[in-house]
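**Q** Residue numbers (the working numbering): 2 to 162. Even for Gly, the Cβ is constructed at its ideal location relative to N, Cα and C. Here it is: the structure, laid out below.
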């Protein structure tokens, strides 16, 4: 759709966006695909094929870019704190293993134990499987390979000192 050149008559106030820049002014002339504008900075020559939009009317009311004003403004993402460990790969002390085993005996859920000891829920689940095997409730051949590594350590932690 092309703009009728009669709308771009001399003396009319317009605002336009060309090459990403917003310009306002009074039309001085329009010929051969070029538009001559007068504004506070002097005269501007604008090639009409490079214009993204034109707002006809008063320059004061047309200074804001309508397309950009409707877009959401960029902002930093809200970081959601994930539950669980801050440092899940740190080594387990014997005291921590004993404390986790005590919490298993008190029937605390894995999620709560993970929060208390700053570990992941997956780590606590593996320890629970190893604990069940160390107690004799689960055969070792039915454990995951990760849980099999913990059985001896949990047995040692369960021995009285």
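1. Can you tell me whether residue 51 is buried or exposed, with buried defined as 16 or more other CB within 10 angstroms of its CB?
2. Quick one: grab the DSSP three-state call for residue 93.
3. In the DSSP output, what is residue 54 paired with across the bridge?
4. DSSP on residue 149, reduced to helix/strand/coil?
5. I need the straight-line Cα distance from residue 26 to residue 16, nearest angstrom please.
6. Do residue 14 and residue 35 come within 8 Å of each other at the CB atom, strictly closer than that value?
7. Whose C-alpha, out of 29, 9, 73 and 40, is nearest the C-alpha of residue 57?
**A** Straight from the coordinates:
1. exposed
2. coil
3. 18
4. helix
5. 7 Å
6. no
7. 9
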